[in-house]
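Structure first, then comments.
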Amino acid sequence: MAYFLQQLINGLTLGAVYGLIALGYTMVYGIIGMINFAHGEVYMIGAFMAVTAFTVLGVLGVTYVPLALVVVLLVSVCFTAAYGWTIERVAYRPLRGAPRLAPLISAIGMSIFLQNYVQLLQGARVKPMPPVIRGGFELLHTERFSVQLSYIQCFIMLLTVVLIAVFTLLIARTKLGRAQRACEQDRIMAALLGVDVDRTISLTFVIGAALAAVAGMMVTMYYGVVDFFIGFLAGLKAFTAAVLGGIGSLPGAMLGGLLIGLVEAFYSAYFSIEYKDVAAFSILVLVLIFRPSGLLGRPEVEKV
Amino acid sequence: MVSTVDRAAAPPLSRFPERLKAALAAAAVALVLAVPLVGLRTVDQGGALGIETRWDWVGIGVAAVFVGRLAGGLLAGAWASAATRLGAALPALPHGRLMRGFAVAGIGFAVALPFLPFADRYVVDLGTTLLIYVMLGWGLNVVVGLAGLLDLGYVAFYAVGAYAYALLALHFDLSFWICLPLAGLLAALFGIALGFPVLRLRGDYLAIVTLGFGEMIRIILINWQSLTNGPNGLSSIPRPSFFGLPFERAPAAGVTAFHQLFGLDFSPEHRIVFLYLLILTLALLTNLFVLRLRRLPLGRAWEALREDEIACRALGINPTNVKLSAFAIGAMLGGFAGAFFATRQGFISPESFTFIESATILAIVVLGGMGSQIGVVLAAAFLVLLPEIGREFAQFRMLIFGAAMILIMIWRPRGLLGRRDPTVRLGRPT
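First to last, the protein sequences are chains R and A. 2 is the number of the first residue of the first sequence in the numbering used here; add one for each residue after it. 7 is the number of the first residue of the second sequence in the numbering used here; add one for each residue after it.
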């Protein structure tokens, strides 16, 4: 029971990170119907921004942790969002209206480019990060096992909840959110009704990149290591999460992320750690066979 | 649309202030992008991270973006019309005799290549690599180009073929010619096993499931130590022989080596040339096979399915079976290529079957123009030779590779030779 509880906590933490990345995939897919293959790389860049920002603060001698966290969060979100905006502008906007596979290939190219760009500039070696937040609560103590909820896990979950709340408000209440939903339903009609479609799509990429940057920062603090290759597998799993939840559905992305995180944590705890990635994909295949539109997705109506 | 034409037609200097502004904006964005990743570099200083600054790089980068954008803007008009003209010229090529002539000349050149004076070991080796990719491209073209199924995990079948050949040859001592069909068959079975549950899914779901499948195969290859020897891979895979005659300086007693039978001096190049001709034969057979298939009812059903699935169903085509056949045939061709890869390298490990390989093969198909056989050759030549030419910039290879993929897609979103005409039609093509 205690062991189960511990895995539940670990899984939820991991799932929060996947969910935040998955939101970026699902938003972009919802609005322009393409797999933004470079999104995993955006998350990786966010992690690198966080490492750099923490290191700069360390050199400057900032030791007050809450201040450091806020500064790092703002810095990595802003700079990563700039990357998200540029990626759309350079690689996807010229391909609007092109055949469906063209932006996908361009996205794969962008992903390869960014991976090597970061590797060349920051080095191929793993960057170690000293833990910023130490310690934790002990929830349960049996003679054989104690259940820990570390402060960093609390931080990740709390921040995720806050972000989701802000994000939901943004989509539901603001003008941008309305424009975004309108573009998602019908881009041409939205344009006719005075929505600036290009700007809305750009902002979608900016928001997605900002969420991925937060995920990158969390992972940096949680695992304490970052390298240029982390984006690939995380991106793949986050996309799996988005599909699992029903692509295009925002709550679905978060739910899918949590499920993938839980599956991974439990599978590696109870079965084998080597095959945890296989487990996540197998779940995906099963869900797609029995519920092709994902858990919360709307079934797609095929029209002639 | 009208404004683009106006812009292209206007004399370049008349819009100078606007272009200057655009260039300044681009430079400002570049500055924001460059400061954290280019300007600052975290370095490991005995366990803790320190920071290094490289503001000179930032300056150079931002200046380059500014000049590039300004020059690009000024040249845009000229370039746009040139590109349109070039673009208009390209799709005209595949029609008629000209393209056929090209193909015949290309095949003639490919056959003659190893015997030409400049063809040293390096050139023939490079040709072999190129032909492996051409063959993989033709195999994937069946799935993506003809049947319109987006497969992001094609490398899985390549890996299955390679491991099947290696394991069969190592454990059962079977010859290349027996293993080759077995490897293809096994890959096809894998294709069917994967395809059966997932082919009901629509395009993008299929893409992600195949991508996941590719990763799964790789993870299994890494972790199933007892069968695959894990990350260390399989080595000393038997080399192919010339119909039973080995390419060895000193063959075992009672065995005649290739050079002895033909009375030649022993040369290690014999094997390389043989491998080259072998893959050339395999690739040409693949091409012939696919070209024939396209004219069969099955191939026509693939193309019809790509265009409109609902109409196909209405006409009594079973989409699942048709898709499954495309998947299986594509997988089989990938398996053949994999078996050849294993015997050529003599060593395989999961390292050779990463996602980047799938992406490269898919890029070959899409860059070449989906469904175009000659396009695949052009794109494969481009993607294989580009990194070789840029060998001095070895560390920038993949960077340039990625950037080239983006630029070609922007330049020609339908691929170099993209056409969607059906292979067979009633009446004369317009």
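From the three backbone atoms N, C-alpha and C, an ideal C-beta is built for every residue, glycine too. Fair warning: this is a prediction, and the values are worked out from it, not measured in the lab.
Candidates A:Leu-191, A:Gly-201, A:Gly-190 and A:Ala-345: which alpha carbon is nearest R:Ile-290's? Position 289 of the first sequence, counting from 1, holds the residue named residue 290 of chain R. Looking at the Cα atoms, A:Gly-201 is the closest of the given residues.
How many whole angstroms separate the CB atoms of R:Ala-213 and R:Gly-25, which I take to be in contact at a CB cut-off of 8 Å? Stepping through the first sequence from its first residue, residue 213 of chain R is reached at position 212. Stepping through the first sequence from its first residue, residue 25 of chain R is reached at position 24. That pair is a contact at about 5 Å.
Neighbour-count burial assignment, R:Met-222, 16 or more Cβ in a 10 Å radius: Position 221 of the first sequence, counted from the first residue, corresponds to residue 222 of chain R. With 16 or more other Cβ atoms within 10 Å, it is buried.
Does the beta-carbon of R:Ile-274 have 16 or more other beta-carbons within 10 angstroms, so that it is buried, or is it exposed? Sequence index remark: in the first sequence, residue 274 of chain R carries index 273 (1-based). Flag for R:Ile-274 reads exposed.
State the beta-bridge partners of A:Ile-414 as determined by DSSP. By 1-based counting over the second sequence, the position of residue 414 of chain A is 408. Answer is none; A:Ile-414 lacks a bridge partner.
When the Cα atoms are used, what is the spatial distance from A:Thr-436 to R:Ala-239? Within the second sequence, residue 436 of chain A is the residue found at index 430, counting from 1. Within the first sequence, residue 239 of chain R is the residue found at index 238, counting from 1. Unreliable positioning characterises A:Thr-436 in this predicted model, as indicated by a pLDDT of 49, which lies under 50. The coordinate reading is nonetheless provided below. Approximately 46 Å, taken between the alpha carbons.
Please list, in chain order, the residues of the region 111-129 of chain R that have any C-beta partner in chain A closer than 8 Å. Flagged, chain order: Met-111, Ser-112, Ile-113, Phe-114, Leu-115, Gln-116, Asn-117, Tyr-118, Val-119, Leu-121, Leu-122, Gln-123, Gly-124, Arg-126, Lys-128 and Pro-129.
Anything in the region 47-74 of chain R with a Cβ closer than 9 Å to a Cβ of chain A? List those residues in chain order, please. Phe-49, Met-50, Val-52, Thr-53, Ala-54, Phe-55, Thr-56, Val-57, Gly-59 and Val-60
Looking at the structure shown, is R:Thr-64 part of a helix, part of a strand, or coil, going by DSSP? Counting from one through the first sequence, the residue named residue 64 of chain R turns up at place 63. Coil, per DSSP.
Got a sec, what are the start and stop residues for the beta strand (DSSP E) A:Gln-51 sits in? Walking along the second sequence from the start, residue 51 of chain A turns up at place 45. 46-51 is the extent of the beta strand (DSSP E) around A:Gln-51.
Other residues of its chain near A:Val-8: CB distance less than 7 Å, five sequence neighbours each side excluded: The residue given as residue 8 of chain A occupies position 2 in the second sequence. A caution first: A:Val-8 carries a pLDDT of 42, below 50, which makes its placement in the model unreliable, though a value can still be read off. So the list is empty, once near-sequence residues are dropped.
C-alpha gap between R:Leu-297 and R:Leu-245, whole angstroms: By 1-based counting over the first sequence, the position of residue 297 of chain R is 296. By 1-based counting over the first sequence, the position of residue 245 of chain R is 244. Their Cα atoms are separated by approximately 8 Å.
Taking 9 Å as the threshold (beta carbon to beta carbon), is R:Glu-275 in contact with chain A? Against the first sequence, residue 275 of chain R aligns to sequence position 274. At least one chain A Cβ lies under 9 Å of R:Glu-275.
At the 9 Å Cβ level, is R:Ala-281 part of the contact set with chain A, yes or no? Translated into positions along the first sequence, residue 281 of chain R becomes position 280. Taking Cβ atoms only, chain A reaches closer than 9 Å to R:Ala-281, which makes this a yes.
Select from A:Val-68, A:Leu-39, A:Leu-195 and A:Gly-79 the residue whose C-alpha is nearest the C-alpha of A:Ala-337. Mapped onto the second sequence, residue 337 of chain A falls at position 331. Taking only the C-alpha atoms, the option nearest A:Ala-337 is A:Leu-195.
Cβ shell of A:Ala-162 (< 6 Å), same chain only, five flanking positions each side left out: In the second sequence, the residue the question calls residue 162 of chain A occupies position 156. These residues qualify, in order along the chain: Phe-219, Gly-220 and Ile-223.
Can you list, in chain order, the residues of its chain whose CB lies under 7 Å from that of A:Glu-394, leaving out five sequence neighbours each side? Translated into the one-based positions of the second sequence, residue 394 of chain A becomes position 388. Only Leu-132 meet the Cβ criterion.
Selection from A:Glu-58, A:Cys-185 and A:Ala-289 that minimises the alpha carbon distance to R:Gly-124: Taking the first residue of the first sequence as 1, we reach residue 124 of chain R at position 123. Closest by alpha carbon: A:Glu-58.
Whose CA, out of R:Glu-139, R:Asn-11 and R:Leu-21, lies closest to the CA of R:Ala-166? In the first sequence, residue 166 of chain R corresponds to position 165, counting from 1. Nearest C-alpha to R:Ala-166: R:Leu-21.
Inter-residue Cα distance where the pair is A:Phe-333 and A:Glu-24: Mapped onto the second sequence, residue 333 of chain A falls at position 327. Mapped onto the second sequence, residue 24 of chain A falls at position 18. Taking the straight line joining both Cα atoms gives about 51 Å.
Straight-line Cα distance separating R:Pro-67 from A:Gln-51: Along the second sequence, one-based indexing puts residue 51 of chain A at 45. Along the first sequence, one-based indexing puts residue 67 of chain R at 66. R:Pro-67 has its alpha-carbon roughly 25 Å from the corresponding atom of A:Gln-51.
At a Cβ threshold of 9 Å, is R:Leu-9 touching chain A? In the first sequence, the residue the question calls residue 9 of chain R occupies position 8. For R:Leu-9, the answer is no, since every Cβ of chain A falls outside 9 Å of its Cβ.
With 16 other CB atoms within 10 Å as the buried threshold, where does R:Asn-11 fall? Residue mapping note: residue 11 of chain R aligns to position 10 of the first sequence, counting from 1. It counts as buried.
Go ahead and label A:Asn-238 buried or exposed: buried means 16 or more other beta carbons lie within 10 angstroms of its beta carbon, across all protein chains shown. Reading the second sequence from its first residue, position 232 is the one you call residue 238 of chain A. Label assigned to A:Asn-238: exposed.
Heavy atom of the ligand COA within 8 Å of R:Arg-145 beta-carbon: For the ligand COA, the structure offers nothing, since it holds no ligand at all.
For R:Val-286, which residues in chain A fall below 7 Å Cβ to Cβ? Looking up residue 286 of chain R in the first sequence gives position 285. R:Val-286 reaches chain A at Pro-203, Val-204 and Val-215, counting residues in chain order whose Cβ is nearer than 7 Å.
Between A:Val-130 and the rest of its own chain, which residues show a CB-CB distance below 8 Å, the 5 nearest in sequence each way excluded? Indexing the second sequence from 1 puts residue 130 of chain A at position 124. Same-chain partners within the cutoff: Leu-119, Pro-120, Glu-275, Ile-278, Val-279 and Tyr-282.
Once the 5 residues before and after R:Leu-150 are set aside, which same chain residues still bring their CB inside 7 Å of it? Working through the first sequence from its first residue, we reach residue 150 of chain R at position 149. Result list for R:Leu-150: Ile-10, Gly-137, Phe-138 and Leu-140, in chain order.
Does the CB of A:Pro-42 have a neighbour CB from chain R at under 9 Å? Here the question's residue 42 of chain A lines up with position 36 in the second sequence. Yes, because at least one Cβ of chain R sits closer than 9 Å to the Cβ of A:Pro-42.
Within the chosen definition, does the region 245-263 of chain R reach the region 228-236 of chain R through at least 3 CB pairs nearer than 8 Å? The region 245-263 of chain R is not in contact with the region 228-236 of chain R.
Using the Cβ count rule (16 or more neighbours within 10 Å means buried), how would you classify R:Thr-53? Here residue 53 of chain R refers to the residue found at position 52 when the first sequence is read from its first residue. Buried, since its Cβ has 16 or more Cβ neighbours within 10 Å.
R:Phe-146, DSSP secondary structure in three states: The residue given as residue 146 of chain R occupies position 145 in the first sequence. Judged by DSSP in its simplified three-state form, R:Phe-146 adopts coil rather than helix or strand.
Segment limits, alpha helix (DSSP H) that includes R:Thr-161: Residue 161 of chain R sits at position 160 when you count from the first residue of the first sequence. 152-174 is the span of the alpha helix (DSSP H), which, as asked, contains R:Thr-161.
When DSSP labels each residue in this structure, what does A:Ile-57 get in the three-state scheme? On the second sequence, position 51 is the one that residue 57 of chain A refers to. DSSP places A:Ile-57 in the strand class (E or B) of the three-state scheme.
Count the other CB atoms within 10 Å of the CB of R:Pro-104; is the residue buried (16 or more) or exposed (fewer)? Translated into the one-based positions of the first sequence, residue 104 of chain R becomes position 103. It is buried - the Cβ of R:Pro-104 has at least 16 other Cβ atoms within 10 Å.
Taking buried to mean at least 16 other C-beta atoms within 10 Å of its own C-beta, is A:Arg-301 buried or exposed? In the second sequence, the residue the question calls residue 301 of chain A occupies position 295. Around the beta-carbon of A:Arg-301, fewer than 16 other beta-carbon atoms lie within 10 Å, marking it exposed.
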